[in-house]
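The next block holds one structure in the form of structure tokens; read it before the comments.
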Amino acid sequence: MAVWFVCVGCDGEGLIMCWRCYGSGVDPENDGDCAFCDGSSTEFCDICEGEGGYYAEGENEQ
Numbered sequence: 002m003a004v005w006f007v008c009v010g011c012d013g014e015g016l017i018m019c020w021r022c023y024g025s026g027v028d029p030e031n032d033g034d035c036a037f038c039d040g041s042s043t044e045f046c047d048i049c050e051g052e053g054g055y056y057a058e059g060e061n062e063q
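Residue numbers (my numbering): 2 to 63.
Structure below.
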């Protein structure tokens, strides 16, 4: 039976705070929209690739 594991990087949200603008949405170099997140202040989690977690086969099923 497959078990859903929640991603520890994003707590199951699939998104994390943008590392370049620190979640402000504003580029620190030119005061416009952040070029990395396009002003959204978030980016897809690089651990789960935006899925929020993953399925894995349970090893200790009873």
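Each residue gets a CB set at the ideal place from its N, CA and C atoms; glycine is no exception.
- Residue state for G54 is assigned as strand, using DSSP reduced to three classes.
- Buried is the label assigned to G54, since at least 16 other Cβ atoms lie within 10 Å of its Cβ.
- M18 and E58 have their C-alpha atoms some 30 Å from each other.
- Here the alpha carbons of C22 and N31 stand approximately 11 Å from one another.
- In the three-state reduction of the DSSP assignment, M2 falls in the coil class.
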